[in-house]
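>
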Amino acid sequence: MHALWTLTGLITPYYDLLTRLSGWSIAHGVQPETANTYVADLFQSLSFLAQQTRPVDFGELAKHAATPGGINEQAALAIDAAGAHSAWAAAADRVLARF
């Protein structure tokens, strides 16, 4: 149960991610309300799609979205190379250690 409780410690970083993505959009000419709505709707839609998939397989969903040579694959490789995915797991490990 502690492992699942740990995930609630990632709410703020999640909202920080959405803030950064919305801010990036705004910096590239998107109106703030449009950027915020789009980012919120996009990530809600992705979560809804995952909920409709049984069994839920996030790895398979990611693979399906990552067209070889496409923009999703490019972004995934860049984010992984920067260690961002590992940072989320490391943060979860540190939160879990508090329990």
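The sequence shown begins at 3 in this note's numbering and counts up by one.
Idealized CB from N, CA, C, for every residue including glycine.
1) Along the alpha helix (DSSP H) that carries T21, what are the first and last residues, could you check?
2) Please state whether the Cβ-Cβ distance between N74 and A67 is less than 8 Å.
3) Which term fits S2, buried or exposed, when burial requires 16 or more other beta carbons within 10 angstroms of its beta carbon?
4) Return the CA-CA distance between G72 and T39, expressed in angstroms with no decimal places.
5) Classify P34 as helix, strand or coil using the three-state DSSP reduction.
So, from the listed chains and residues:
1) 13 to 29
2) yes
3) Nothing can be reported for residue 2: it is not among the residues displayed for the chain, which extend from 3 to 101.
4) 25 Å
5) helix
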